[in-house]
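Let me begin by presenting the structure, written as structure tokens, before commenting on it.
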Amino acid sequence: MLQVRKSMGWCPQRDILFDNLTVAEHLYFYVQVSQWCPEEIKCVLHILSLQDKRDSRSRFLTGGMRRKLSIGIALIGIVLMLDEPTSGVDAISRRAIWNLPQQHKSDHIILLTTHFMDEADLLGDHIAIMAKRELQCCGSSLFLKQKYGEWPRAGSGEGSRNSILCGVSVAGPVCWRKYPLVTFLKGH
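The sequence shown begins at 1 in UniProt numbering and counts up one residue at a time.
Written out as structure tokens, the structure reads:
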């Protein structure tokens, strides 16, 4: 179980960053916790396009940069859980953040929650729609569009319990080799 925990990366809906740590120090801290190679830091900084901010304290970063750092911390893992990674950012930052999961589909297993149907459509290989804590439907983007004609609405707004869970990348063979007890919900 310890190995499973070390391989997981999590990006919460709201940034949990230490104001006095720099970008590089955040990454170094999480690399140490996960017992990954410290050389991963350079790679993650490059992926995030934050090389020039490596020595900047997180409190001085823009909202979009803070989100990128939170996603970068999650990228240290193999199984990524991204909880509404684009919430609270402007449209330009949102699109830049979309590139991160797309670039890492092949070497990570990514679960992403969102209230944005366009985000689910773009990023999700398999999409599960939940409402009031119950699974309503599951399948590929094409399957869901054919079945429902247009995207079902996932309410956003305060107190909404509707959300979309995207399986951005189901790296089945890789995951089954490492964790043979893992099973996946197969889309249509």
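Think of the CB as a built atom: it goes at the ideal place given N, C-alpha and C, for glycine as much as any other residue.
Discussion item. Closest to Q3 by C-alpha separation, out of I92, I78, H26, K132, would be which residue?
Written reply: I78
Fill in: Cut-off 6 Å between Cβ atoms - residues of its own chain near Y30, not counting five sequence neighbours on either side
I73, I76
Discussion item. For G63, which residues in the same chain have their Cβ closer than 8 Å to its Cβ, ignoring the five residues on either side in sequence?
Written reply: G88, V89, D90, S93
Item to complete: Compare the beta carbon distance of S49 and L21 with 8 Å and say whether it is the shorter of the two.
Response: no
Worksheet item: Can you name the start and end residues of the alpha helix (DSSP H) that C37 belongs to?
Response: That residue, C37, is in no alpha helix (DSSP H); it is neither H nor E in DSSP.
Worksheet item: When you compare only the Cα positions, how much space is there between W36 and L17?
Response: 20 Å
Discussion item. Taking the straight line between their C-alpha atoms, what separation do you get for S106 and S56?
Written reply: 31 Å
Discussion item. Just to confirm the assignment, what range does the beta strand (DSSP E) spanning L135 have?
Written reply: 134-139
Worksheet item: Is it the case that the Cβ atoms of E134 and T113 are separated by a distance below 8 Å?
Response: no
Practice prompt. Figure out for me which residue from M1, H104, L142, M65 has the closest Cα to the Cα of D121.
Written response: L142
Worksheet item: Would DSSP call M1 helix, strand or coil?
Response: coil
Worksheet item: CB-CB under 6 Å to P12, same chain, minus the five flanking residues each way: which ones, in chain order?
Response: D83
Worksheet item: Would a C-beta distance cut-off of 8 Å place A24 and R67 closer than the cut-off?
Response: no
Item to complete: For T86, collect the residues of the same chain with a Cβ closer than 6 Å to its Cβ; drop the 5 residues on either side in sequence, then sort them by chain order.
Response: R94, I97
Worksheet item: So, is M1 buried or exposed, given that buried needs 16 or more other C-beta atoms within 10 angstroms?
Response: exposed
Discussion item. Less than 8 Å between the C-beta atoms of L61 and L69, yes or no?
Written reply: yes
Discussion item. Can you give me the C-alpha to C-alpha distance between C138 and M8, rounded to a whole angstrom?
Written reply: 24 Å
Worksheet item: From C43, R5, H26, I47, pick the residue whose C-alpha is nearest to that of L100; which is it?
Response: I47
Item to complete: From the DSSP output, in three-state form, read off H115 for me.
Response: coil
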